[in-house]
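**Q** Residue 82 in my numbering sits at position 58 of the sequence shown; the count goes up by one each step and never skips.
Beta carbons are placed, not taken as given, at the ideal position from N, Cα and C, and that holds for glycine.
Just so it is clear, the structure is predicted and the values come from calculations on it, not from any experiment.
There's a structure below that I have some questions on.
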Amino acid sequence: MIPARPLSYDEFPSSPLGCEGMVVLPADLDNVTAHLMEPIVYVNRDGLDLTLRLILPVPHGGGGPWPVIVYVQGSAWMKQQVEANIPTLSAFARKGYAVAMVEYRPSSVALFPAQVQDTKTAIRFLRKNAAKYNLDPERMALWGDSSGGHTVVMTAVTAHLPEMDTDTYGEYSCGVRGVVDFYGPTDIAAMSEEPSIQDHDEPDSPEGLLIGRLRVRENRKLADRTSPMAYINPDRPLPPFLIVHGSKDRLVPFGQSIKLYQKLRACGAEADFYRVEGGDHGGPAFWNRLVLELTEGYLKKWLQ
25 MIPARPLSYD EFPSSPLGCE GMVVLPADLD NVTAHLMEPI VYVNRDGLDL
75 TLRLILPVPH GGGGPWPVIV YVQGSAWMKQ QVEANIPTLS AFARKGYAVA
125 MVEYRPSSVA LFPAQVQDTK TAIRFLRKNA AKYNLDPERM ALWGDSSGGH
175 TVVMTAVTAH LPEMDTDTYG EYSCGVRGVV DFYGPTDIAA MSEEPSIQDH
225 DEPDSPEGLL IGRLRVRENR KLADRTSPMA YINPDRPLPP FLIVHGSKDR
275 LVPFGQSIKL YQKLRACGAE ADFYRVEGGD HGGPAFWNRL VLELTEGYLK
325 KWLQ
């Protein structure tokens with residue numbers, strides 16, 4: 025018999041049926057699973073549909089609105105594999121965070137600051153559609169690795185600058201409550217001053233491509249424009265930062281994070297810096313229980 029209206033979980037009766045040999049297990053109603061949504065187009069730029077992927081918590085009985093982690097996947101500013109960290113980031117959804125993985129325009133399509141502009145637009149899109157996706161528009165943090173780390177730092181420190189922005193969804197804020205930077209570049213003109221397995225100065229290097237296929241140190245004005253240190257000053261309030269970098273990073277020199285940390289602290293910003301001893305550029309030294317629990321601790325403090 026079908027009731028006149030759908031019954032709630034609490035109203036619906038448990039089956040009285042059973043049979044010999046059946047094993048009874050208790051339902052873990054406190055468990056939270058994660059749901060990966062189909063790609064969502066947040067804007068079209070330069071002929072590209074730019075998408076984000078949302079991972080949402082799925083608790084028993086519903087919940088939310090969820091605090092939001094806006095994640096930018098590293099790619100040397102080239103085309104991203106946006107889904108690369110879905111397995112790891114799903115663990116954060118199971119802890120009660122919505123995770124939005126953002127696609128930006130690659131440097132082959134649009135030069136800096138396109139990647140920063142796109143990330144700001146994605147944040148505003150999420151705020152505009154917060155009710156639709158059960159998100160908390162007041163509780164958002166940024167997290168990125170490698171070039172994604174650079175992008176999220178630049179997004180935070182230039183939130184007030186029109187020249188690093190667009191007017192898309194301009195009625196919404198692109199501000200956040202905290203920034204997690206995993207081994208991101210911060211001063212591309214200085215990257216060749218430390219040991220690396222890559223020449224960061226050549227026109228066809230990731231850094232050269234970012235500014236228009238130019239030699240980086242011969243084009244300091246353009247290179248310096250990509251550096252977050254140029255925009256950090258004591259008169260501009262900033263969200264707190266968590267910086268994590270490996271001591272044996274073969275691609276993004278360790279000193280890049282020192283530059284950012286020292287500038288933030290010198291200007292009175294809240295920042296914490298962790299050196300992963302022996303850590304290379306990403307990999308198991310970062311995507312493990314110790315570092316992820318550390319990261320979640322900061323996100324919890326900022327967002328909850």
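Quick one, which of Pro161, Pro277, Pro264 and Thr145 has its alpha-carbon nearest Thr210's?
**A** Selected option, being the one with the closest Cα: Pro277.
**Q** From what residue to what residue does the alpha helix (DSSP H) around Gly270 run?
**A** No alpha helix (DSSP H) holds Gly270; the beta strand (DSSP E) holding it covers Phe265 to Gly270.
**Q** Spatial neighbours of Leu234 within its chain, please: CB distance less than 6 angstroms, with the 5 preceding and 5 following residues excluded, ordered by chain position.
**A** Once the five neighbours on either side are set aside, the close Cβ partners of Leu234 are Trp101, Ser131 and Phe136.
**Q** Looking at the secondary structure, which residues open and close the alpha helix (DSSP H) in which Tyr285 lies?
**A** Note, Tyr285: alpha helix (DSSP H), Gly279 to Ala290.
**Q** Specify the secondary structure class of Leu327 as computed by DSSP and reduced to three states.
**A** Leu327 falls in the helix class under three-state DSSP.
**Q** Quick one: what's Trp90 bridged to in DSSP?
**A** Leu159.
**Q** Strictly by DSSP, which residues pair up with Phe297?
**A** Answer is Ile267, bridged to Phe297.
**Q** What are the boundary residues of the beta strand (DSSP E) that includes Pro81?
**A** Here the beta strand (DSSP E) through Pro81 covers Leu72 to Pro83.
**Q** Does the region 199-213 come close enough to the region 277-288 to have 3 or more Cβ pairs within less than 8 angstroms?
**A** Enough Cβ pairs lie closer than 8 angstroms, so yes.
**Q** Taking just the CA atoms, how far does Asp225 sit from Ala183?
**A** In a straight line, the C-alpha of Ala183 is about 28 angstroms away from that of Asp225.
**Q** With DSSP as the reference, label Arg69 as helix, strand or coil.
**A** Arg69 falls in the strand class under three-state DSSP.
**Q** Of all the alpha helix (DSSP H) runs that stay within the bounds of the region 133-201, which reach a length of 4 or more residues?
**A** For the region 133-201, whole alpha helix (DSSP H) runs of length 4 or above, ordered along the chain, are 138-152, 154-157 and 171-181.
**Q** Hey, would you say Pro91 sits closer than 8 angstroms to Gln286, going by beta carbons?
**A** No, Cβ-Cβ distance for Pro91 and Gln286 is not below 8 angstroms.
**Q** Going by C-alpha distance, which of Met215, Ala247, Tyr322 and Pro227 is nearest Val268?
**A** The shortest Cα separation from Val268 among Met215, Ala247, Tyr322 and Pro227 belongs to Tyr322.
**Q** Quick check on Ala213: does DSSP put it in helix, strand or coil?
**A** Note: Ala213 maps to helix in three-state DSSP.
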